[in-house]
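**Q**
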Amino acid sequence: SFSVLLEISRILNTGLDMETLSICVRLCEQGINPEALSSVIKELRKATEALK
Numbered sequence: 001s002f003s004v005l006l007e008i009s010r011i012l013n014t015g016l017d018m019e020t021l022s023i024c025v026r027l028c029e030q031g032i033n034p035e036a037l038s039s040v041i042k043e044l045r046k047a048t049e050a051l052k
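So that you can map any letter, position 50 of the sequence shown is 50 in full-length UniProt numbering, and since no number is skipped, the others follow by simple counting.
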C-alpha cells in the first residue's frame, strides 16, 4: 500500500513528501518512465539549489 511506499521513501532518504510521492506514483502508473522522472526531480533540485 501507499504507506509502505512512503516508509521506503523515508528509509531511502528521498526527500519526497507524501504529496510528491503520490504524484510520482500516479505518473508511473500512467506510463511515465521512472528513471526519467527521477532525472527530472534531480535536475529540479539542482536548479533550486543554484537559485539559493
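Each residue gets a CB set at the ideal place from its N, CA and C atoms; glycine is no exception.
What does the alpha-carbon distance come out to for the pair E7 and N13?
**A** Near 10 Å, if we compare the C-alpha coordinates of N13 and E7.
**Q** Note down the Cα distance separating V4 from M18, rounded to an integer number of angstroms.
**A** About 11 Å.
**Q** In whole angstroms, give me the CA-to-CA distance for I41 and S1.
**A** Using only the alpha carbons, I get a separation of about 23 Å.
**Q** With a CB to CB cut of under 6 Å and the five nearest residues on each side skipped, what residues in its chain are close to P34?
**A** Contacts found: C28.
**Q** Can you tell me where the alpha helix (DSSP H) with T48 in it begins and where it stops?
**A** First-last of the alpha helix (DSSP H) with T48: 34-51.
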